[in-house]
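There are 2 protein chains.
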Amino acid sequence: MSSDRLPSRSENFAEWYNQIVLRAELADYAPVRGCMVVRPYGWALWENIQKALDRRFKETGHVNAAFPLFIPKSFLEKEKAHVEGFSPELAVVTIGGGEELEEPLVVRPTSETIIGHMYSKWIKSHRDLPVLINMWNNVVRWELRTKLFLRTTEFYWQEGHTAHATHEEAEAETLQMLDIYADFAENEAAVPVIQGLKSEREKFAGALRSYTIEAMMGDLRALQSGTSHNLGDNFSRAFNIRYSDQNNELQYCWTTSWGLSTRFIGTIIMVHGDDQGLILPPRLAPYQLVIVPIFRNEEQKTVVFEAVKRIEAQLSEFRVKVDWREDVTPGFKFNDWEMRGVPLRIELGPRDVESQQVVLVRRDISGSEGKFQVSQDGLASVVEKMLIDIQNHLFKRAVRFREENTHRVETYEDFKETLEHKGGFIRVHWAGTSEDEDLIKEETRATIRCFPLDPPEGHGCCFYTGEETDRIAIFARAY
Amino acid sequence: MSSDRLPSRSENFAEWYNQIVLRAELADYAPVRGCMVVRPYGWALWENIQKALDRRFKETGHVNAAFPLFIPKSFLEKEKAHVEGFSPELAVVTIGGGEELEEPLVVRPTSETIIGHMYSKWIKSHRDLPVLINMWNNVVRWELRTKLFLRTTEFYWQEGHTAHATHEEAEAETLQMLDIYADFAENEAAVPVIQGLKSEREKFAGALRSYTIEAMMGDLRALQSGTSHNLGDNFSRAFNIRYSDQNNELQYCWTTSWGLSTRFIGTIIMVHGDDQGLILPPRLAPYQLVIVPIFRNEEQKTVVFEAVKRIEAQLSEFRVKVDWREDVTPGFKFNDWEMRGVPLRIELGPRDVESQQVVLVRRDISGSEGKFQVSQDGLASVVEKMLIDIQNHLFKRAVRFREENTHRVETYEDFKETLEHKGGFIRVHWAGTSEDEDLIKEETRATIRCFPLDPPEGHGCCFYTGEETDRIAIFARAY
């Protein structure tokens, strides 16, 4: 399969994406409609994402737990907006142990309801607050049009659910978790994101306010890469989550929820990848470095293998893969690991052994500029520095790309033309209504990705209604 | 709740168990029949179990992946013994996205079938073998009589699935994983286990041979605490998992599967716990150490809190909890953390601050023998040594308990009497048939836990049939 050419991004971005996911063995189609199998290479990437996030969650006082997969159907119906949002997407268990169930069980599409039920049982006093729980799990949403990682019937994520004594605390938590997502995206995945508030049309079903991190993909479309919701007292009223305050009076809690999913793997692919395949940020890459031994005969092989083992030991602080295969050529291996996005490659042949050097090849810079002859002496510190350089370069390149493809427009005509001929993010003053947003979406397929949390820019005229406003919106076509 | 007395183990072991699980906040009943919520303290214990196992899996070349939750019903029917074993326990999704499904989807009770399907797609050549994949996930088996951690409709586990070129390799893998489970149980959980082969009656539905680690609980019953299955070519024939060998001929693969679940938390509770509550092995305990500050007035509080902070920093290499609560007494805290099984407690009052000492209290030894006055100087190394001592003591105590409660019998009369009056494990020579095993089970509720893999003991007469044999069996009543 790897011998066929990968479609280029410009000729067919969607097919380029699918082919990378399959060829790099990140995921595969499951025999169940809309489901995926996350293969070991993809799961190792997810495990690194999990570690980076979990550490941040625990540093901010969160703990993990596990709530059931099945939710009684009646639970979903307790929060009106929530059930409306999720009803069309449910998978329902109607048979258990060979018998028809009295009450059908929904396979969780998200867990606000069942967690709300448990919190109402656990929380009694202000001394029990805040409750800061996260869960790593699988959820199911019946999707009609699916795409590996981006939209599948079953997917993997974490969902955090917290309960607080006041609305202010809940809002602070919501924003703190948004910040953690942004910090993770930028400093671990080298993905620049815009933090912002979702419009009423795009917010989570049941939320008071939803926040998002939005990233720009290589085809200029936006991808919502993580969300954090202030649920107000909607779920605490629906599930009677109350605490007695210092004066012994019963008060409703204020709750939040926040999630980041395997979808983020799609973000990484589409932000960094190029026509040769995947490019993984060093901090998350399952292998940070691949070593390819080069030899022509048994004598050379012995000498080279010995040197490779020594160098592998020298680099034990990194995640290193040695490609020992003998049934494929070095050239095949170079292409293969480039396609799989390993950030750094070491080539080692008999001449390198003799001169006590190695050839280092950066995945993020093609041609001779990305190729270095380096002494074996002190190799670990050179590798360390180079991995940091790659991480920084990927981030800066993505920032530049986003900036180059973010446009400002003053009128709706301008908006449509920019969207049609340039694409990307369109930054505007916005004073429209939800209905205006619907009309724009219908006509252009662009939606409000968010109202960014950046410092205010001052007043201006709404590109659509002409009204004066200080609200900024970012529009884009999105995944 | 904690103020009520915990039932003692001798008066009601089952209720003692349930109360510990609930009071220590390890788990709670879910609003869905037979399901549980694993609370943060229980999940932290599970995370430590996961880390200890996952490290061992990876050191032996295994990688993690994720296969779908849903399995087409027809898949299960491809392996005859498998479908017979699991059919009565299935949860079935019949509705997706508001519509009746053409083919119902089973919520995985275990994943041999869907993984078999994927392996048949991925494995082509002998160069693709072995495939060594593990998955951490949730599975569902519709259980009628449930008990927290021990038997719930949904539970959490890892399931490893490997494919090999030869039967010998598959058998070696099966035994390697059994060994890893035993090593984990004994060296991390301080739980002595007997490694053995399951009888035909007790083996996994679809396996050629099942191996088990069996542990003795505090009420003398056995608990199967992890299993490793040699699946022969049963699943590779059912799912057509084949590879072309060196001569380019198609051969069936030989597969294995092995799993250890949240049930193991039940093992830990029932092996180590006492009438005061849980006792956690230091290597797995979410908190290895709790610090309880003691003071009577604000002045003392200031002094003590300052010292506690210094000591907490001194012990940063351990998992430490400081109980800062001010609305409960130190005595309440002592009982509370004893009940929650924290291996070591530090008490620190104004006099200790003055004398530069702390009081260390071991959870595993009651009374004055478990209490030590220790200098704050060099405390970390004392704590380290003491945690190792506790770990070793728990293991030795459990070994001694099992030995004291393992009996040998020569006749069936003796067997029944021993079972009735003593309980525990009964070690016998065994030459009976599966039908004999059924009869014994019916009459005594005891089953063959395993044929232990110990070195041979020589010939003897079967206690049931009188035939001479060198096969040893361990019978017990089991969970």
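Protein sequences appear in the order of chains A and B. Per this note's numbering, the very first residue in the first sequence carries number 773; after that it's consecutive. Per this note's numbering, the very first residue in the second sequence carries number 773; after that it's consecutive. Beta carbons are placed, not taken as given, at the ideal position from N, Cα and C, and that holds for glycine.
Secondary structure at residue i, three-state DSSP: helix, strand or coil?
| i | result |
| --- | --- |
| A:Val1200 | strand |
| B:Trp1096 | coil |
| A:Arg781 | coil |
| B:Gly1195 | coil |
| A:Gln948 | helix |
| B:Val1181 | coil |
| A:Arg1091 | coil |
| B:Asp1046 | strand |
| A:Glu941 | helix |
| A:Glu1207 | helix |
| A:Thr1241 | strand |
| A:Leu1166 | helix |
| A:Glu1229 | coil |
| A:Arg1252 | Any property of residue 1252 of chain A remains undetermined from this structure, which presents chain A solely from 773 to 1251. |
| A:Arg923 | strand |
| B:Ser774 | Unreliable positioning characterises B:Ser774 in this predicted model, as indicated by a pLDDT of 46, which lies under 50. The coordinate reading is nonetheless provided below. Coil at B:Ser774, not helix or strand. |
| A:Tyr1251 | coil |
| B:Glu1189 | helix |
Give the range of the beta strand (DSSP E) segment to which residue i is assigned.
| i | result |
| --- | --- |
| B:Leu1032 | Trp1026 to Ser1033 |
| A:Gly1296 | One cannot answer for residue 1296 of chain A here, as it falls past the ends of chain A, which runs 773 to 1251. |
| B:Tyr928 | Glu926 to His936 |
| B:Ser1219 | Residue identity check: residue 1219 of chain B is Thr in the sequence provided, not Ser. Per DSSP, B:Thr1219 belongs to the beta strand (DSSP E) from Thr1219 to Pro1224. |
| B:Ala1248 | Ile1244 to Ala1248 |
How many whole angstroms separate the CB atoms of residue i and residue j, which I take to be in contact at a CB cut-off of 8 angstroms?
| i | j | result |
| --- | --- | --- |
| A:Thr934 | A:Thr1028 | 5 angstroms |
| A:His834 | A:Asn906 | 5 angstroms |
| B:Leu1225 | B:Leu969 | 7 angstroms |
| B:Arg1117 | B:Trp1109 | 6 angstroms |
| B:Phe921 | B:Arg1035 | 6 angstroms |
| A:Val1133 | A:Glu1119 | 7 angstroms |
| A:Leu817 | A:Ile1037 | 6 angstroms |
| A:Lys896 | A:Ser1016 | 7 angstroms |
| B:Phe858 | B:Ala979 | With a Cβ gap of about 13 angstroms, B:Phe858 and B:Ala979 do not count as contacting. |
| B:Ile1083 | B:Gly1121 | With 8 angstroms as the limit, B:Ile1083 and B:Gly1121 do not qualify as a contact, their Cβ atoms being about 13 angstroms apart. |
| A:Phe1223 | A:Val1181 | No, A:Phe1223 and A:Val1181 are not in contact; Cβ-Cβ is about 16 angstroms, not under 8 angstroms. |
| B:Ile1220 | B:Glu1207 | About 13 angstroms separates the two Cβ atoms, so there is no contact after all. |
From which residue to which residue does the alpha helix (DSSP H) around residue i run?
| i | result |
| --- | --- |
| A:Val1064 | Here A:Val1064 belongs to no alpha helix (DSSP H); instead the beta strand (DSSP E) covers Leu1061 to Pro1065. |
| A:Ile905 | From DSSP, A:Ile905 is part of no alpha helix (DSSP H) but of the beta strand (DSSP E) over Val903 to Val912. |
| B:Arg1253 | Nothing about residue 1253 of chain B can be read from this structure; chain B reaches only from 773 to 1251. |
| B:Ile887 | Glu884 to Trp894 |
| A:Ile1051 | Careful: A:Ile1051 lies outside any alpha helix (DSSP H) and carries neither H nor E. |
Does any heavy atom of the ligand FMN sit closer than 7 angstroms to the C-beta of residue i?
| i | result |
| --- | --- |
| B:Val1181 | As presented, the structure is devoid of all ligands, the ligand FMN included, so that no description of it is given. |
Every unbroken beta strand (DSSP E) inside the segment 1099-1133 of chain A [3 residues or more]: 1116-1120
Sufficient close CB pairs (3 or more, under 8 angstroms) joining the segment 998-1017 of chain B to the segment 873-885 of chain B: yes
Whole runs of the beta strand (DSSP E) within the segment 1134-1163 of chain A, excluding any shorter than 3 residues: 1143-1147
Start-end ranges of the alpha helix (DSSP H) lying completely within the segment 955-1038 of chain A, minimum 4 residues: 1006-1011
3 or more residues per run - each beta strand (DSSP E) lying fully within the segment 786-867 of chain A: 799-801, 808-810 and 842-844
At least three beta-carbon pairs within less than 8 angstroms, the segment 830-850 of chain B to the segment 1072-1080 of chain B: no
Contact between the segment 981-990 of chain A and the segment 1032-1044 of chain A (3+ Cβ pairs under 8 angstroms): yes
The segment 953-965 of chain B contacting the segment 1232-1240 of chain B, beta-carbon criterion three pairs below 8 angstroms: no
The segment 794-812 of chain B / the segment 820-827 of chain A touching (three or more Cβ pairs under 8 angstroms): no
Segment contact, 8 angstroms Cβ cut-off, at least three pairs: the segment 1054-1062 of chain A with the segment 1018-1033 of chain A: no
contact_flag[the segment 862-882 of chain B, the segment 1242-1250 of chain A] where n(CB pairs < 8 angstroms) is 3 or more: no
Cβ contact check for the segment 969-984 of chain B and the segment 946-958 of chain B: 3 or more pairs under 8 angstroms: yes
The segment 1138-1147 of chain A / the segment 1098-1105 of chain A touching (three or more Cβ pairs under 8 angstroms): no
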